[in-house]
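Quick note: the sequence shown uses our numbering, first residue 230, plus one each step. Backbone N, C-alpha and C define an ideal beta-carbon position, used for all residues, glycine too. What follows is a short report on a single structure.
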Amino acid sequence: MSLPGEKVLIVGIGNELLGDEGLGVHVARSLLGAKASLPPQVEVLDAGTALLDLLPEMSRYSRVILVDAVRAGQEAGRIYRLESLADFAGQLDTNPRMSLHQWDLMETLRVAEMLGLLPKKLSLVGAEPESIAPGTELSPKLTQAAEKIVSILLDEASSTEQGNW
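This is the structure we're talking about:
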């Protein structure tokens, strides 16, 4: 839960050129399109693959919600919500990197923790990808999951004004 007036940041992460891997980017863009529905203390960023670059910015917020594709071995489209770094480590699949220069989410968050850059409250909302392959569109199951995630976040953001988020 956040107190009224605390700053909340929603960060969409992922590679939009790899189909469902771009889930967070698609959600962030939808939320940015619905900016009028968000209270003033809630901001949205489309980080793409640059989460490491955003660590100093993230540390300025009381609460950060990351939105990303989450591989946890369940059915495609399943929505996940993780509320702590320990939950992240226990659920996120450790897939091989696409390149030697890419950091995965857990590596980036561990660096943020070591540098004291984690916000007071960090959450991850995501969905199990169906297809991670070249392309800019989400699969049908991830399109549905993205719509549901946007709806969930908009509903929660509206309750932020009453301090219920």
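### Task
Have a look at Val271, Glu342, Pro285, Ala305 and flag the residue whose alpha-carbon is nearest the alpha-carbon of Leu383.
Val271
### Task
Keeping to the same chain, check which residues put their C-beta closer than 6 Å to that of Gln303; ignore five residues upstream and five downstream.
Excluding positions up to five away in sequence, the list reads Glu357.
### Query
For Lys350, which three-state DSSP category applies?
strand
### Contact belief for Ala375 with Leu280 at Cβ below 8 Å, rounded distance in angstroms
By a beta-carbon distance limit of 8 Å, Ala375 does not contact Leu280. Their separation comes to about 18 Å.
### Message
Can you tell me whether Ser388 is buried or exposed? The criterion is at least 16 other CB atoms within 10 Å of its CB, across all chains shown.
### Response
Here Ser388 is exposed, its C-beta having fewer than 16 other C-beta atoms within 10 Å.
### Query
When burial is assigned at 16 or more other CB atoms within 10 Å of the CB, is Ala362 buried or exposed?
Flag for Ala362 reads exposed.
#### Entry: Close beta carbons around Val256, own chain, < 6 Å, minus the five adjacent residues each side
Gly241, Val296, Ala375, Ile378, Val379
#### Entry: Same chain only: Cβ atoms within 6 Å of Leu209, ignoring 5 sequence neighbours per side
Limits of the chain in this structure are 230 at one end and 394 at the other, which puts residue 209 out of reach.
### Task
Can you grab the Cα-Cα spacing for the pair Gln373 / Ile308, in whole Å?
Distance between Gln373 and Ile308, taken at the CA atoms: about 10 Å.
### Query
Between Gly248 and Ser360, which are expected to be in contact by the criterion C-beta below 8 Å, what is the C-beta distance as a whole number of angstroms?
The pair is a contact, with the Cβ atoms about 5 Å apart (cut-off 8 Å).
### Task
Report the rounded CA-to-CA distance for Ile294 versus Ile239, giving the unit in angstroms.
Rounded to whole angstroms, Ile294 and Ile239 show a C-alpha spacing of 5 Å.
### Range of the contiguous beta strand (DSSP E) that encloses Val256
Element bounds for Val256: not the beta strand (DSSP E) but the alpha helix (DSSP H), 252 to 262.
### Message
Classify Ala341: buried if its beta carbon has 16 or more other beta carbons within 10 angstroms, exposed otherwise.
### Response
buried
### Task
Thinking Lys236 and Ser288 are a contact (beta carbons under 8 Å), I'd like their distance in whole angstroms, please.
The Cβ separation is near 11 Å, so there is no contact.
### Message
Starting from Ala341, trace the alpha helix (DSSP H) in both directions and tell me its first and last residue.
### Response
Start and end: 334 to 343.
### Message
Let me check one thing: in DSSP terms, what residues is Tyr309 bridge-paired to?
### Response
Gly355
### Task
Look at Pro298 and Glu250 and say whether their C-beta atoms are less than 7 Å apart.
The question names Pro, but residue 298 in the sequence shown is Ala. The answer is yes: Cβ separation under 7 Å.
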